[in-house]
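94 is the number of the first residue of the sequence shown in this note's numbering; add one for each residue after it. Using N, Cα and C, we set each Cβ at its ideal position, and we do this for glycine too. All values derive from a computational prediction rather than experimental measurement.
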Amino acid sequence: MTDCIFCKMASGEITPDTVYEDDQVLAFRDINPQAPTHVLVIPKQHVATLNDLDEGNAGLVGSMLLAAAKVAEQEGFAEQGYRTVMNCNAWGGQTVFHIHLHLLGGRPMEWPPG
Ligand code: 5GP
Ligand code: ZN
């Protein structure tokens, strides 16, 4: 997707503040952090929303979660705990239509979310 900002990050056209990368996913700091650590984990492959995933993407989604856990360890709050979130479409609050897992840590989280 040439007009997708997260695809541009995945391809290296735009260089984010990367904290983790492997062959399937890229993790970088959110430009508008909502916690002391706010990282986005994206697949390198373009998938617009959670609704566009299929069974063939199960490994990809697993890799996103494993990457989030690795970054939590790297950032030093794995044991204290952290929040992971994926927003889907308008009511979920999705604003960038290339799926991403939010990793929020470094402070206690509240529940329920707004
Ligand atoms: P959503 O609302 O779709 O769940 O989350 C999109 C996230 O992407 C937001 O937290 C927003 O701050 C972040 N974001 C949007 N544009 C950029 C960008 O150009 N660079 C980075 N690092 N984060 C971005
Ligand atoms: Zn994309």
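By the 16-neighbour rule on beta-carbons within 10 angstroms, Met157 is buried. Judged by DSSP secondary structure, Ala120 falls within the beta strand (DSSP E) whose first and last residues are Val118 to Arg122. In the structure shown, Glu114 falls within a strand segment according to DSSP collapsed to helix, strand and coil. In this structure the region 141-161 lies against the region 106-120, because at least three pairs of beta carbons, one per stretch, are closer than 8 Å.
Ile98 has its Cβ nearer than 6 Å to a heavy atom of the ligand 5GP. Here Thr177 is bridged, per DSSP, to Leu196. With a threshold of 6 Å, the Cβ atom of Val154 does not count as near the ligand 5GP, since no heavy atom of the ligand is closer than that.
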